[in-house]
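**Student:** Structure incoming, see below.
Protein chains in written order, with the numbering used here: chain Z, 1 to 112; chain B, 1001 to 1436.
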């Protein structure tokens, strides 16, 4: 099993969800996050006072998938979240040791 | 009122002489209360109170950081209550009863003798209870406006002392000088609804406060972005609506002057909002929400002294000039001079009030303001100088008295919160509450 976390542009969330559903991913977790990468911040101006806002709003999605699904899931996210402009985000894949479905007690891939 | 009675008499003369004796009796006998005037002034009073709570409280409350929201709205609310009680006890009498050229009398301390039938000679067709309360709402908003200059750093105890003393030592005499039978009114200074008494006064006091208290910690380096501009938009909109009571109410009657004051107020406000917006768009790249609402307030401020004296064209020009000049004052002048007027009480009210007072001297026309009330474009260039004197006298008294009050309070109990309290926020430290 692998944990796939992706930091994406907020307006791409629906596209990414549709793409993941299309490749058989049955659930995901979404959080609103802030951060920065190569895309620097934005400048806000209030009555002439300029503030550099260095953390931009992003959406983080997390899914746990079976090893056989990882490649398709990553590809689906990469395609759906792509705009070609700086700030599109990143995808991270990490190993997951165990998963448990709380309702039934099923473990491993069966719990996904 | 003379003209109203005159035209009423002429009309009656044309329609039938039978009614004439009754009307003549009313004219030379003590003036008769007018239900229409009274109804409009009751309404105006409520509108002007709405400008401070919740209008100004929200306008300012939205512009501060989240940790200081409650402290900021608290200031407007507490000032409303404090000034109300002081007005009843002493300041109404000092401002609006006959006295000398500098200060009113003591006859209405604790509103002594103000019964149902009482009438103030300054507004003969409405009950004195209504006139007193109407003027009270002006006395409330003026000190409340100052709070924008020292937002996010003043001790609440110091604020209460400052506001109480300021209402007595600064507001009451200046209101008397201009409106209550004092020397500025006698000089012919034109101030329909409070360009000098309210806005220059509050703005200059705000500047002195900003200078005496010093900058907020982190000013110029920390992010001090407004926490919720929707509150500010709601507040500014309530100010706009309430301002019809302010300006059209200053006719103290439901008459043609009130109607024209309302029209010019609307025109100048919209023109100033657009002027600020376009000035910002051209120089900073984006037309901001805070910009357009600030421009609207600048327009409201500038048309205030002029609202009973100018025609719609004059209002349009006043609005445009005020929008651009106040934009410059709040964005460039403040940076150039380096003071921290947190919410631009001086940049909008002080500067806008001055622009309005001076342009009243330019655009006043006899056809609107009545006999002798005319400015440069109506052939009376001297009015501009009269206006300037009115502004300078107001500024001088206000600045000196404000400075002395602040220094006295600073010595006695201190003006500013501690650095730790300021960084943590006033809400939790001064009031023991937090928002959201």
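C-beta atoms are modelled at their ideal positions from N, C-alpha and C, and glycine is treated no differently.
Since the structure is predicted, the reported quantities are computational estimates derived from the model, not experimental observations.
Expressed to the nearest angstrom, what Euclidean distance is found between the alpha-carbon atoms of residue 1223 of chain B and residue 1154 of chain B?
**Tutor:** Stepping through the second chain from its first residue, residue 1223 of chain B is reached at position 223. Stepping through the second chain from its first residue, residue 1154 of chain B is reached at position 154. Cα to Cα, the separation comes out at about 19 Å.
**Student:** Please name the residue, chosen from B/1185, B/1239, B/1280 and B/1320, that lies closest to residue 45 of chain Z on a Cα-to-Cα basis.
**Tutor:** As a position in the first chain, residue 45 of chain Z is number 45, starting the count at 1. It is B/1280 whose Cα lies nearest to the Cα of residue 45 of chain Z.
**Student:** Do residue 1230 of chain B and residue 1062 of chain B have their C-beta atoms within less than 8 Å of each other?
**Tutor:** Along the second chain, one-based indexing puts residue 1230 of chain B at 230. Along the second chain, one-based indexing puts residue 1062 of chain B at 62. In contact: residue 1230 of chain B and residue 1062 of chain B (Cβ atoms closer than 8 Å).
**Student:** Tell whether a beta-carbon distance below 8 Å holds between residue 1080 of chain B and residue 1139 of chain B.
**Tutor:** Counting from 1 along the second chain, the entry for residue 1080 of chain B is found at position 80. Counting from 1 along the second chain, the entry for residue 1139 of chain B is found at position 139. Contact flag unset, no.
**Student:** Does chain B have any CB closer than 8 Å to the CB of residue 48 of chain Z?
**Tutor:** Along the first chain, one-based indexing puts residue 48 of chain Z at 48. It does; some Cβ of chain B falls within 8 Å.
**Student:** Could you compute how far the alpha carbon of residue 108 of chain Z sits from the alpha carbon of residue 101 of chain Z?
**Tutor:** On the first chain, residue 108 of chain Z is found 108 positions in, with the first residue counted as 1. On the first chain, residue 101 of chain Z is found 101 positions in, with the first residue counted as 1. Their Cα atoms are separated by approximately 9 Å.
**Student:** How do the region 1124-1138 of chain B and the region 1199-1210 of chain B stand: do at least 3 beta-carbon pairs fall below 8 Å, yes or no?
**Tutor:** Result no; under three Cβ-Cβ pairs closer than 8 Å.
**Student:** Report the three-state DSSP secondary structure of residue 1120 of chain B (helix, strand or coil).
**Tutor:** For the purposes of this step, residue 1120 of chain B is identified with residue 120 of the second chain, where counting begins at 1. Strand, per DSSP.
**Student:** Name the residues in the region 29-45 of chain Z whose C-beta lies less than 8 Å from a C-beta of chain B; which are they?
**Tutor:** The residues in question are 44 and 45.
**Student:** Per DSSP, what kind of secondary structure is residue 53 of chain Z in: helix, strand or coil?
**Tutor:** Numbered from its first residue, the first chain carries residue 53 of chain Z at position 53. In this structure, residue 53 of chain Z counts as strand in the three-state DSSP scheme.
**Student:** Please report the distance separating the alpha-carbon of residue 1144 of chain B from that of residue 1192 of chain B.
**Tutor:** For the purposes of this step, residue 1144 of chain B is identified with residue 144 of the second chain, where counting begins at 1. For the purposes of this step, residue 1192 of chain B is identified with residue 192 of the second chain, where counting begins at 1. Their Cα atoms are separated by approximately 20 Å.
**Student:** When you compare only the Cα positions, how much space is there between residue 1093 of chain B and residue 1107 of chain B?
**Tutor:** The sequence position of residue 1093 of chain B within the second chain is 93, counting from 1. The sequence position of residue 1107 of chain B within the second chain is 107, counting from 1. So the alpha carbons of these two residues sit roughly 6 Å apart.
**Student:** Report yes or no: do three or more beta-carbon pairs, one from the region 1115-1124 of chain B and one from the region 1312-1327 of chain B, lie closer than 8 Å?
**Tutor:** Contact fails: fewer than three Cβ-Cβ distances are below 8 Å.
**Student:** To be precise: take each residue of the region 1205-1227 of chain B, compare its Cβ to all Cβ atoms of chain Z, and keep it if any distance is under 8 Å. Which residues remain?
**Tutor:** Residues passing the 8 Å Cβ filter: 1223, 1224, 1225 and 1226.
**Student:** Threshold first: 4 residues or longer. Then list the alpha helix (DSSP H) segments lying entirely within the region 1121-1168 of chain B, N to C.
**Tutor:** Listed in chain order, they are 1128-1146 and 1156-1166.
**Student:** How far does the beta strand (DSSP E) with residue 33 of chain Z in it reach, from first residue to last?
**Tutor:** If you number the first chain from 1, residue 33 of chain Z lands on position 33. Taken as a continuous stretch (DSSP letters only), the beta strand (DSSP E) holding residue 33 of chain Z covers 29-35.
**Student:** According to the neighbour-count rule (16 or more other Cβ atoms, all chains shown, within 10 Å of its Cβ), is residue 1025 of chain B buried or exposed?
**Tutor:** Against the second chain, residue 1025 of chain B aligns to sequence position 25. Any reading at residue 1025 of chain B needs caution, since the residue's pLDDT is 45, under 50, leaving its predicted position unreliable; the model's value is listed next. Label assigned to residue 1025 of chain B: exposed.
**Student:** Using beta-carbon positions only, say whether residue 1289 of chain B and residue 1233 of chain B come within less than 8 Å of one another.
**Tutor:** Counted from its first residue, the second chain places residue 1289 of chain B at position 289. Counted from its first residue, the second chain places residue 1233 of chain B at position 233. Yes, these two residues count as a Cβ contact at 8 Å.
**Student:** How far does the beta strand (DSSP E) with residue 3 of chain Z in it reach, from first residue to last?
**Tutor:** Against the first chain, residue 3 of chain Z aligns to sequence position 3. Segment 2-8, the beta strand (DSSP E) holding residue 3 of chain Z.
**Student:** With DSSP run on the structure shown, which of helix, strand or coil describes residue 1339 of chain B?
**Tutor:** Here residue 1339 of chain B refers to the residue found at position 339 of the second chain. Coil, per DSSP.
**Student:** Give me the Cα-Cα distance between residue 1360 of chain B and residue 52 of chain Z, rounded to the nearest whole angstrom.
**Tutor:** Mapped onto the second chain, residue 1360 of chain B falls at position 360. Mapped onto the first chain, residue 52 of chain Z falls at position 52. Answer to the nearest angstrom: the Cα atoms are 41 Å apart.
**Student:** Quick check on residue 1335 of chain B - is its C-beta less than 8 Å from some C-beta in chain Z?
**Tutor:** If you number the second chain from 1, residue 1335 of chain B lands on position 335. Yes, residue 1335 of chain B counts as interfacial toward chain Z.
**Student:** What does residue 1290 of chain B touch in chain Z if you count any residue whose Cβ is under 8 Å from its own?
**Tutor:** Translated into the one-based positions of the second chain, residue 1290 of chain B becomes position 290. Near residue 1290 of chain B (Cβ distances below 8 Å), the residues of chain Z are 46 and 47.
**Student:** When DSSP builds the beta bridges, which residues end up paired with residue 1416 of chain B?
**Tutor:** The count along the second chain starts at 1 and reaches residue 1416 of chain B at position 416. DSSP output for residue 1416 of chain B lists B/1154 as bridge partner(s).
**Student:** Just to confirm the assignment: which complete alpha helix (DSSP H) runs, minimum length 4, are found wholly within the region 1260-1339 of chain B?
**Tutor:** For the region 1260-1339 of chain B, whole alpha helix (DSSP H) runs of length 4 or above, ordered along the chain, are 1289-1303, 1312-1328 and 1334-1337.
**Student:** Do you know offhand how far residue 1344 of chain B's Cα is from residue 86 of chain Z's?
**Tutor:** Residue mapping note: residue 1344 of chain B aligns to position 344 of the second chain, counting from 1. Residue mapping note: residue 86 of chain Z aligns to position 86 of the first chain, counting from 1. Near 37 Å, if we compare the C-alpha coordinates of residue 86 of chain Z and residue 1344 of chain B.
**Student:** What does residue 1340 of chain B reach in chain Z if we use C-beta pairs closer than 9 Å?
**Tutor:** As a working note, residue 1340 of chain B is residue 340 in the second chain. The premise fails here: residue 1340 of chain B is roughly 10 Å from chain Z at the closest Cβ pair, so nothing lies under 9 Å.
**Student:** Of the residues that make up the region 1064-1077 of chain B, which ones have a beta carbon closer than 7 Å to any beta carbon in chain D?
**Tutor:** Of the protein chains in the structure, Z and B, none is chain D.
**Student:** Please report how far the alpha carbon of residue 1334 of chain B lies from the alpha carbon of residue 1117 of chain B, in whole angstroms.
**Tutor:** Within the second chain, numbered from 1, the residue matching residue 1334 of chain B stands at position 334. Within the second chain, numbered from 1, the residue matching residue 1117 of chain B stands at position 117. The alpha-carbon atoms of residue 1334 of chain B and residue 1117 of chain B are separated by roughly 50 Å.
**Student:** Would you please verify whether the beta carbon of residue 112 of chain Z is less than 8 Å from any beta carbon of chain B?
**Tutor:** Taking the first residue of the first chain as 1, we reach residue 112 of chain Z at position 112. No - not a single Cβ of chain B is within 8 Å of the one on residue 112 of chain Z.
**Student:** My output table needs one value for residue 1095 of chain B: the three-state DSSP class, helix, strand or coil.
**Tutor:** By 1-based counting over the second chain, the position of residue 1095 of chain B is 95. Three-state DSSP puts residue 1095 of chain B in a helix.
**Student:** Shortest alpha-carbon distance to residue 43 of chain Z belongs to which of Z/12, Z/55 and Z/59?
**Tutor:** Taking the first chain and counting its residues from 1, one reaches residue 43 of chain Z at position 43. Selected option, being the one with the closest Cα: Z/55.
**Student:** Name, please, each residue of chain Z whose Cβ falls closer than 7 Å to the Cβ of residue 1043 of chain B.
**Tutor:** Translated into positions along the second chain, residue 1043 of chain B becomes position 43. Those within 7 Å of residue 1043 of chain B in chain Z number zero; the least Cβ separation is about 33 Å.
**Student:** May I ask you to list the residues that DSSP assigns as paired with residue 1103 of chain B?
**Tutor:** Numbered from 1 along the second chain, position 103 holds the residue referred to as residue 1103 of chain B. According to DSSP, which records beta bridges pairwise, residue 1103 of chain B is partnered with nothing at all.
**Student:** Given that residue 1330 of chain B touches chain Z, what residues does it touch there, using C-beta distances under 7 Å?
**Tutor:** On the second chain, position 330 is the one that residue 1330 of chain B refers to. Under the 7 Å cutoff, chain Z gives 47 and 48.
**Student:** Indicate whether at least one CB of chain Z lies closer than 8 Å to the CB of residue 1153 of chain B.
**Tutor:** In the second chain, residue 1153 of chain B corresponds to position 153, counting from 1. By this cut-off, residue 1153 of chain B is not an interface position.
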